[in-house]
Amino acid sequence: YSDYPDSFLSWNIISSMGSLISIFSLSIMMFIIWEALSNKRKIINMFFLSPSMEWLSTTPPLNHSFNEIPSI
1 YSDYPDSFLS WNIISSMGSL ISIFSLSIMM FIIWEALSNK RKIINMFFLS
51 PSMEWLSTTP PLNHSFNEIP SI
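When we follow full-length UniProt numbering, the leftmost residue of the sequence shown carries the number 1, and every step to the right adds one.
Spelled out as structure tokens, the structure:
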């Protein structure tokens with residue numbers, strides 16, 4: 001238990017509210033992660049696996065991979 005001057009009461013209340021918001025947010029995030037891992041739903045759309053050229057090449061591309069700049 002710490003003793004502080006009465007002039008810091010408002011800052012203590014603000015700090016306590018911020019701590020409660022952080023704990024509440026963390027508990028929501030942990031629930032969302034748990035729910036996502038436990039349901040094992042199928043992926044509907046994998047938008048980042050497009051068949052376009054930038055996803056088919058290795059990352060980063062090897063030196064001198066292309067003779068000319070590819071058109072996308």
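For glycine and all other residues, C-beta sits at the position ideal for the given N, C-alpha and C.
The model shown is predicted, which means the values in this text are computed figures rather than measured ones.
Under the three-state DSSP convention, the category residue i falls into
{"i": "residue 82", "result": "Nothing about residue 82 can be reported from this structure: the residues present for the chain run from 1 to 72 only."}
{"i": "Ser-19", "result": "helix"}
{"i": "Asn-67", "result": "coil"}
{"i": "Asp-3", "result": "coil"}
{"i": "Ser-27", "result": "helix"}
{"i": "Ile-44", "result": "coil"}
{"i": "residue 81", "result": "Since the displayed the chain opens at 1 and closes at 72, residue 81 lies outside it and no answer follows."}
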